[in-house]
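If you read the sequence shown in the working numbering, its first letter stands for residue 44, the second for the next number, and so on.
C-beta: ideal position from N, C-alpha, C; glycine also.
What follows is one structure encoded as structure tokens, with my remarks underneath.
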Amino acid sequence: MERIGFHLEIRDGNREDYRKWHDQVPEELESAYLESGAGLETYSVFEKDGHVFGFMELADPEAIKDVQAESDAQADWDEVMDDILNDKVDIWLDEVYRMI
């Protein structure tokens, strides 16, 4: 099982919209992730003061990245998030410590 994390920043004045959209994540997007063959075990998103941290535990990170690059549901979600988030550049984080 691999662990991956990412960091995003919400544009000023868009925290409410960001949270609202995450209360209604489209079923098609969730299905794309769950049916990707990535072996997704955990996917959590945390937000504080406009900073977003996402965390996944999964067997195949490349399969999730393929969904993010190729899924129509992801493209639709990205179109909404493009107005809410700052530019997504180098979002993937390096794991620097793990106790267990």
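Tell me which residue opens and which closes the beta strand (DSSP E) that residue i is part of.
i, result
"residue 54", "Looking at the DSSP string, residue 54 is not in any beta strand (DSSP E), and its letter there is neither H nor E."
"residue 87", "85 to 91"
Quick one: measure Cβ to Cβ for residue i and residue j, integer angstroms, because I've assumed they're closer than 8 Å.
i, j, result
"residue 71", "residue 128", "Wrong, their Cβ atoms sit about 20 Å apart, outside the cutoff."
"residue 98", "residue 87", "5 Å"
"residue 120", "residue 69", "7 Å"
Taking residue i as the reference, give the member of the options with the closest Cα.
i, options, result
"residue 108", "81, 92 and 73", "81"
"residue 44", "85, 60, 59 and 102", "102"
"residue 49", "137, 142 and 141", "137"
"residue 92", "59, 134 and 83", "59"
Excluding the 5 residues flanking residue i on each side, which residues of the same chain have their C-beta closer than 7 Å to its C-beta?
i, result
"residue 54", "127, 128 and 129"
Between which two residues does the alpha helix (DSSP H) harbouring residue i extend?
i, result
"residue 123", "115 to 125"
Strictly under 7 Å for the Cβ-Cβ distance: is residue i near chain B by that measure?
i, result
"residue 68", "Among the chains of the structure shown, chain B does not appear; only one protein chain is present."
Run the CB neighbour count on residue i, radius 10 Å, all protein chains shown included, and call it buried at 16 or more, exposed below.
i, result
"residue 76", "buried"
"residue 132", "exposed"
"residue 110", "buried"
"residue 117", "buried"
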